[in-house]
Structure formats: C-alpha cells, structure tokens
Amino acid sequence: MTTRAGFIALIGEPNAGKSTLLNRMVGAKVSIVTHKVQTTRARIRGVAMEGDSQLVFVDTPGLFQPRRRLDRAMVAAAWGGAADADVIVMLIEAHRGVTEGVERILENLGEVAEGRRVALAINKIDKVQSDVLLGLTKDLNDRFPFAETFMISAEKGYGTEDLRQWLAAEVPEGPWLYPEDQIADLPLRMIAAEMTREKLTLRLHQELPYQLTVETEKWEERKDGSARIDQVVYVVRDGHKGIVLGKRGETIKAVGQAARAELEEFLDRKIHLFLQVKVRPNWLEESERYSEMGLEFKDGN
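Take the sequence shown: its position 108, counted from the start at 1, is 289 in our numbering, and no numbers get skipped.
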C-alpha cells in the first residue's frame, strides 16, 4: 500500500467559506464558523482521510487589508500557512466574483505558490447562474495558471467530493502525519476556547466580535469521566463586560449552555463549563494572548 500525506492550505478573503469547507472535508466541526468576517484567528489544522491519503487542511485567517496588530498577525499567519503547504486551494465566492481583495491575493499568490499546485474552488455556486460561473472561471484562469477548477458549495457539499479526491492524488507519497482517527492537531484547550468564542460572536452580533478573546485557563479530568473546564473571556472595556454578561447574567449563561452542549457532543462526554469575564484593556498588545491564539506576536509589527 502506497500512503500519501500532505498539507493543504485553504486561502481566500474573509467569509469565502474556508472554515465551512474545512469542517465539510473533516466531517466534524473543528473550525469556528460564523457570518462575521475574520473569525478564524489561528491556523487551524483539520485531518481527513481519503483512501490511502491523509489530507491535513490548514484553515488560514482570511486575507484582507490589515490595520491593527492583530490583523497583521492574522494575515502573516495566512500567507505563512500557504507557503508551508504542499497544495493550495484558493476559495472565492461565486456571487462576489473578482473583488479588490481577490485581485490582491492573486497578485501575491505567484510568489507564495512557486513550485506548488494551486486549485481554484469557486464556492456558493447555488447563488449564481451557470453563465456567470463560466465567465468567472475563464476570467480567473486567465489571471492565474490554476491546476484545476472546482465548482462547489461547501455548505451543501456540492462538488466537495471531487475536490477531495483530486487532493488525495496530489499530496506527496509518504507516511501519514497523524494517527488515522485524529481529526485536528489543535490542543483541545484551544478548540474549547474557539467554541465558546463562536457562541459569543453569534450572540453579540455587531457589538464586539473582535474586541474579545477566550482562553481555557484550567482543564480538570474527573474520576467519573467528565471534565471541568474553566475559561476566561477577556474584553477591553468595562462597558464590554456588561454586554458580555447581559442583563442579570443572561447572555453569558446562554453562551455557556450553548458552548457546553457543543463541547459535550464534540468530546462525547459530560462537561462542566465555567466562564468568567475579565477586563484587560491592552490584551490586543499582549504577546501571551497571541500565543494562546496560535499567532506570532512579532508578525503584528
């Protein structure tokens, strides 16, 4: 049996559907998915098996024009993920077409992709007519020599099986990089923190999606097979703390219940989740917060 294994970087603008595609490929929820842009902060790796090939997907933060230190660290992580990969998949949204952001990515792609196969995945194809798709495919392939083009809907699963099979044949021959039953190489503490952050982002909508972060402070295994998880939600202002707590603590309670239910399903055991909210005015400038997110603090310079 000839085994294959390789890293596949998913790149694209924020909200292009990278996290949804990663979760679809892996068959479990390992990446945070919300309708807020820039929700993926770290390079999250999900592991999928296709025949004798092991596909290690790197879901990178969306590529956009960075303004703050956190933005710059995220963009550096995204390009770093692409540069380290064996194969790159560029996702673009069918209904948005070639935006300024897509043009910027294409300009930088040549240098990063040198010596690698790059596939184009046009996502959310159910949102446009077929003639628009054909025109978009031609336009993009005229701009960059993609090895293959796939029309997909990451959310509904259309075309994703073809992409997966193509990737399985493209990754290099070699031993598997992870145990066959492992689906992610993120520490469970970070996955747990990401799940809580997703619930906060969904609940708070426009109010403060990027001004907070969640860290798993303590993880205690119990004799009955359950686990106690203590997490801290860091916000930058006192007013934000009030928003996260909600009236009579209702918001944080609802977030905790939703995160606990998802963690129990993911880990297949009982979880006791305890959330605290703390004000840290400068968390966006603290190197420890970045390492907790899997980002390089220096990349934000």
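Cβ atoms here follow ideal geometry from the backbone N, Cα and C, with glycine treated the same way.
Residue i versus residue j - alpha carbon distance
i: Gly427; j: Gly316; result: 48 Å
i: Ser334; j: Ile269; result: 18 Å
i: Asp134; j: Phe478; result: In the structure as shown, the chain begins at 182 and stops at 482. Residue 134 is therefore absent and cannot be evaluated.
i: Asp233; j: Gly355; result: 10 Å
i: Gly282; j: Asn289; result: 11 Å
i: Ala483; j: Asp312; result: Absent from the model: residue 483. The displayed extent of the chain is 182 to 482, so no value can be given.
i: Asp419; j: Thr397; result: 21 Å
i: His276; j: Asn204; result: 22 Å
i: Gly193; j: Lys404; result: 44 Å
i: Glu549; j: Ala374; result: Coverage of the chain is limited to positions 182 through 482, which leaves residue 549 absent and any answer about it impossible.
i: Ala350; j: Ala294; result: 18 Å
i: Arg370; j: Arg429; result: 28 Å
i: Ala258; j: Leu476; result: 7 Å
i: Ile303; j: Glu292; result: 22 Å
i: Asp454; j: Glu446; result: Note on residue identity: the sequence assigns Leu, not Asp, to residue 454. Cα to Cα, the separation comes out at about 14 Å.
i: Gln457; j: Asn322; result: 50 Å
i: Tyr339; j: Val207; result: 15 Å
i: Gly423; j: Leu348; result: 47 Å
i: Lys399; j: Gln412; result: 7 Å
i: Glu401; j: Leu448; result: 14 Å
i: Glu473; j: Thr183; result: 37 Å
i: Val218; j: Lys305; result: Interpretation of Val218 is limited by its pLDDT of 46, a score under 50 that renders its predicted location unreliable; the figure taken from the coordinates is listed afterwards. The straight-line gap from Cα to Cα measures roughly 16 Å.
i: Glu467; j: Glu431; result: 29 Å
i: Ala229; j: Met255; result: 24 Å
i: Lys141; j: His421; result: Residue 141 lies beyond the residue range present for the chain, which begins at 182 and ends at 482; the question has no answer from this structure.
i: Lys434; j: Phe188; result: 38 Å
i: Pro360; j: Gln235; result: 10 Å
i: Met376; j: Gln438; result: 11 Å
i: Asn463; j: Arg253; result: 17 Å
i: Glu336; j: Pro195; result: 16 Å
i: Gly406; j: Leu314; result: 51 Å
Test item: CB-CB of residue i and residue j under 8 Å
i: Val425; j: Val395; result: no
i: Ala186; j: Val352; result: yes
i: Val237; j: Leu358; result: yes
i: Glu231; j: Gln310; result: no
i: Lys199; j: Leu272; result: yes
i: Leu202; j: Thr318; result: no
i: Gly261; j: Ile364; result: no
i: Val279; j: Asp307; result: no
i: Ile372; j: Ile410; result: no
i: Ala408; j: Arg450; result: yes
i: Gly209; j: Val239; result: One detail in the question is off: residue 209 reads as Ala in this sequence, not Gly. No, they are not a contact pair.
8 Å Cβ cutoff, residue i in contact with chain B
i: Glu443; result: The structure shown has no chain B; it contains just one protein chain.
CB-CB length for residue i against residue j, believed under 8 Å
i: Leu393; j: Leu383; result: Actually they are not in contact, since the Cβ atoms of Leu393 and Leu383 sit about 13 Å apart, beyond 8 Å.
i: Arg249; j: Leu465; result: 7 Å
i: Leu287; j: Arg324; result: 5 Å
i: Ala190; j: Glu274; result: Between Glu274 and Ala190 the Cβ distance is about 18 Å, and since that is not below 8 Å, they are no contact.
i: Arg461; j: Val417; result: 7 Å
Touch test, the region 290 to 301 against the region 317 to 329, Cβ-Cβ under 8 Å, three pairs minimum: A contact between stretches requires three or more CB pairs, one per stretch, nearer than 8 Å, and the region 290 to 301 meets this requirement with the region 317 to 329.
Ordered list of beta strand (DSSP E) runs contained in the region 330 to 417, each at least 3 residues: Annotation: the region 330 to 417 contains the following complete segments of the beta strand (DSSP E) (minimum length 3 residues), in chain order: 393 to 402 and 408 to 416.
Ordered list of beta strand (DSSP E) runs contained in the region 277 to 339, each at least 3 residues: Within the region 277 to 339, the complete beta strand (DSSP E) runs of at least 3 residues are 298 to 304 and 329 to 332.
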